[in-house]
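In my numbering, the protein residues as written are 24 to 207.
Taking it in order: structure first as structure tokens, then the write-up.
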Amino acid sequence: MTDQETIAFFKCLADKSRLTILKSLMLEDMYVERLAERLGITSATVSFHLKKLEEANAVRSYKDQYYTMYSINRDLFGVNILDILGEKSSESELQKERDETYRKKVIEAFFEYGKLKSIPSQRKKERIVLEEIAKSFEPGKTYTEKEINLIISEFIDDFCTIRRDMISEGILKRDKALYTKVQA
């Protein structure tokens, strides 16, 4: 389902009359006049809402003798909402680009000639800085505290704060006096 189809689907569900029509169609397939009679609204109103539901692919129509019958699209309603939200979209690619641009901007603002100028006070920015420093560690390799301090001191003199923050953010794992970079 594309982003536009998803929006149209959720918009069609956001109307009480359409929800009532869908609930009636769950029981049995019906034609416009029958739905109007059952719901106590005009046929024109039912036709309007059925058109919107059909555009959103929520209902299907078919001919049965003299009537155009409507049925609920069970395939569409059988889809898990998490599957819809998890689909790749053009917006997710755009968000990825924005995140990468933001990341570069933070790194440029806080690093100068490979050295950390200051520790960001904003947690989101600090996380980016910590991840950048963590690139100096090999995943899975065990380091002593002295080795960790030497690597961090290449970036900033306050290696204790950075080491502690890397542990609290789950970037490094400490087991007694040994440290390991957590797999991303």
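Cβ atoms here follow ideal geometry from the backbone N, Cα and C, with glycine treated the same way.
Span separating the alpha-carbon of residue i from that of residue j
i	j	result
Phe-32	Glu-77	10 Å
Leu-117	Ala-37	27 Å
Leu-105	Ala-81	18 Å
Ile-44	Met-92	13 Å
Thr-7	Ile-171	Here the chain covers residues 24 to 207 and nothing more, so residue 7 does not appear.
Lys-11	Lys-39	Here the chain has residues from 24 to 207 only, and residue 11 is not among them.
Ile-30	Ala-79	9 Å
Leu-73	Glu-114	30 Å
Ser-66	Arg-41	13 Å
Lys-147	Lys-127	13 Å
Phe-134	Val-205	23 Å
Glu-161	Asn-103	39 Å
Ser-191	Ser-70	59 Å
Ser-141	Ile-151	13 Å
Ile-130	Glu-168	25 Å
Gln-145	Ala-157	18 Å
Asp-86	Thr-124	According to the sequence as given, residue 86 is Lys; it is not Asp. Whole-angstrom Cα-Cα distance: 54 Å.
Gln-88	Cys-35	28 Å
Pick from the options that is closest to residue i, judged by C-alpha positions
i	options	result
Gly-137	Ile-179, Val-102, Leu-173	Ile-179
Ile-83	Phe-100, Lys-158, Ala-59	Contrary to the premise, residue 83 reads as Arg rather than Ile in this sequence. Comparing Cα-Cα distances from Arg-83 to each of Phe-100, Lys-158, Ala-59, the minimum goes to Phe-100.
Gly-163	Ile-194, Gly-109, Leu-42	Ile-194
Asp-26	Asp-198, Gly-109, Val-129	Gly-109
Sequence-distant residues of the same chain with beta carbon closer than 7 Å to residue i, five excluded per side
i	result
Tyr-90	Tyr-54
Met-49	Ile-95
Asp-188	Glu-149, Leu-153
is_contact[residue i, chain C] using C-beta, thresh 8 Å
i	result
Glu-155	No chain C appears in this structure, which consists of one protein chain only.
Beta-bridge pairing of residue i - partner residues as DSSP gives them
i	result
Arg-121	In the DSSP output, where bridge partners are listed per residue, Arg-121 has none listed.
Ile-95	Val-82
Tyr-136	BP columns for Tyr-136 are empty, so no partner.
Leu-201	Thr-167, Asp-198
Asp-11	The structure shown does not extend to residue 11, since the chain spans only 24 to 207, so no value can be given for it.
Sequence-distant residues of its chain with Cβ nearer than 6 Å to residue i (five each side left out)
i	result
Thr-203	Thr-165, Lys-196
Asp-52	Met-92, Ser-94
Phe-182	Asn-172, Ile-175, Ser-176
Going along the chain, which unbroken runs of the alpha helix (DSSP H) with 4 or more residues stay wholly within the segment 39-65? The qualifying runs are 39-50, 55-62.
Return the chain-ordered ranges of every beta strand (DSSP E) run that is complete within the segment 154-199 and spans a minimum of 3 residues. Within the segment 154-199, the complete beta strand (DSSP E) segments of 3 residues or longer fall at 165-167, 195-198, listed in chain order.
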